[in-house]
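This report concerns only the one structure given below.
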Amino acid sequence: MYTTLVVTDSGTELPGVDLKVIPFDQYLADYPKLGEPKTRIINLCNTERYLSRGYYCSLLAESRKHQALPSVNTINDLRQLEDAEDLRQLWNSLAPFAPKDVQAGGQVFIYFGQVEDPLWQSFARALFERFPAPVLKIALPGTERGFSVENQSPGQLPEEERAVFQRKLRTFTEKVWRSPKQRKYRWDMAILYDPEEAMAPSDVGAIQRFIRAAAKVGIEAEVIRSRDMLNLTQYDALFIRETTSIDHLTYRLARKAEKEGLVTIDDPTSILRCCNKIFLHDAFSYNKVDAPHTLVVADASQTTLARIESELAYPMVLKMPESSFSVGVFKVKDRADLETKLQSMLEDSSLALVQEYLYTDYDWRIGVLNGRAIYACKYFMARGHWQIYNHGSAQPRYQSGGFETIATFEVPRGVLKAALKACSVIGKGLYGVDVKQQDKQVYVIEVNDNPSIEHRVEDRYLGDELYMMIMQEFADRLEQRGRN
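Numbering of the sequence shown is given in the numbering used here, commencing with residue 84 and proceeding in unit increments.
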């Protein structure tokens, strides 16, 4: 667990805040201390000037392996946020979070991602995720300068705002940066999970077993919703159990966690590579991974349609570059169907994939962790459908097919070999590899960075041991991180 220090220009007391407050001179002279616990720094010094005390406070924290808020990168990013075009783009990205009736020329103070006016809370949270800093002063469009964002110290605040700042500091340290307490676990893990997600990669039963397995290897794991992840530095590890996407908070959180030094699964590189089927197709081709014959197309012209037909027979499979759980995947039966669906896809993506159709009664799913197969399932096609999932079925029981979970040593050698080879071009994370088998020929369909692990499905053969294997991998990586 962390201990928290508040560093100020003068060591001013903060009434009602149960934290150690020290002046910068003391932080400079007395730290780091021998045998000190993991330390977080809330830097309330003035950082407006380059190479100021506030700048050096965060810089020294970084060199001392203390977690600093704001970080040096955030200080630099805010100092350099002066270009009118950059500010315009920033405002455009944040405007959807602002109240509908924005008072031209007004200003908003944001304290640790919190505001007094609840109408601005979504905006404050979104901006804090971009620029994590104790105090941000926002000038709204309509002023002479236009929209601007400034990093401020409490000493620069108007008198009437200082009491608000102290309340928000207390809320942040007590509820977001939790107060340190004696615990029996070596590490802390956040499991990012949304129980309301329609097709989450894990169900509640699996999440509970992950938490129990984590405790057995010295990790205290807790479930966190994405909206609660204002600060990741209170954790040592992040386990993402939401469906991932590149243009999504899951990817941004994975990147942030990795930058903060957390052991992260799914790691951002795996998300980037697995979520885009264009990358997978290209990587499979380059590394000679057996896969269905696939074409990447950029238009639906008659010339392109003719080229597709010269290489592939009907029916064919169309895929959006980013899709999951069979969403964005279509089977087309003739040219008219191909042209219509391809044109529709290209309205949302500049590229689409056309792939040969391979009929099988089931798909293999091989779970791979750090280059080793840990579970194997057969996913059977939904009733009367050509895919595992039939999202168009009116009857819930027919929206997915059955399954069979078996020991990895019972899987045909060619299937395992293809799955492991496919993962080797992605990374060393936790993956689910979809493989089709026709006689002795195997075809890797895709590698999923966020594979389904549900209680009584993927764990049916191994039981609790499956969760232990994954949590032990986290513990091994955390141990290795401590040695580095």
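Ideal Cβ placement from N, Cα and C applies to all residues, glycine included. These numbers come from a predicted model, not from an experiment.
Among the options, the one whose alpha carbon lies nearest that of residue i
i	options	result
K424	D444, I457, R448 and L388	L388
L173	G515, R123, R560 and L210	L210
Q317	K519, E303 and L441	E303
R572	G484, Q521 and T87	In the structure as shown, the chain starts at 84 and stops at 567, and residue 572 therefore has no counterpart that could be examined.
R123	F492, E343, E556 and K371	E343
L164	V380, L452, V232 and L363	V232
Q520	A283, T386 and P375	P375
A178	N234, C506, A340 and W203	W203
I307	P284, Y445 and P278	P278
L134	R162, A297, D113 and Y114	R162
Y544	G515, T488 and E243	T488
P351	N359, L336 and L363	L336
A396	K402, D417, P404 and V412	D417
D542	A490, R338, Y526 and C358	A490
L315	V415, G238, A340 and E325	A340
M554	G301, V516, S432 and I329	G301
K299	R566, E556, R564 and G565	E556
R324	M282, C357, F362 and K360	M282
D365	Y442, I528, F230 and F322	I528
D522	L549, D444, Q470 and D92	D444
L127	I105, E145, L117 and S146	I105
V90	L275, S432 and G238	G238
As assigned by DSSP and simplified to three states, the class of residue i
i	result
N159	helix
Y139	helix
K402	strand
S262	Here the model assigns S262 a pLDDT of 48, short of 50, so the residue's position is not dependable, and the following value carries that caveat. Coil at S262, not helix or strand.
P278	coil
F557	helix
Q385	helix
V494	coil
T254	helix
D547	helix
N234	strand
N531	strand
G189	coil
R208	helix
L88	strand
D373	coil
S483	strand
R324	coil
P179	helix
T423	helix
A144	helix
T488	strand
A112	helix
A304	strand
R566	helix
L513	strand
V100	coil
Paired residues, beta bridge with residue i - DSSP
i	result
M428	BP columns for M428 are empty, so no partner.
Y194	Q197 and V218
L117	Answer is none; L117 lacks a bridge partner.
Y526	K519
K414	V400
I124	L88 and A151
M272	A304 and A320
L378	V437
Range of the contiguous beta strand (DSSP E) that encloses residue i
i	result
Y334	No beta strand (DSSP E) contains Y334, which is instead part of the alpha helix (DSSP H) from L332 to K342.
P106	K103 to P106
A151	Q150 to L152
R455	R455 to F463
Q438	A435 to E439
Segment limits, alpha helix (DSSP H) that includes residue i
i	result
Y369	K360 to Y369
R448	Taken as a continuous stretch (DSSP letters only), R448 belongs to no alpha helix (DSSP H), being part of the beta strand (DSSP E) at Y445 to L452.
L345	That residue, L345, is in no alpha helix (DSSP H); it is neither H nor E in DSSP.
R292	V287 to K299
Worksheet item: For the region 145-156 against the region 209-223, are there 3 or more C-beta pairs whose distance is under 8 Å?
Response: yes
Worksheet entry | Given 8 Å, three or more beta-carbon pairs between the region 552-564 and the region 346-354 | yes
Discussion item. Quick test of the definition: if touching needs 3 or more C-beta pairs under 8 Å, does the region 505-517 touch the region 530-541?
Written reply: yes
Discussion item. Assess contact between the region 444-451 and the region 490-500, defined as three or more Cβ pairs (one per stretch) separated by less than 8 Å. Is contact present?
Written reply: yes
Fill in: Contact between the region 241-253 and the region 190-204 (3+ Cβ pairs under 8 Å)
yes
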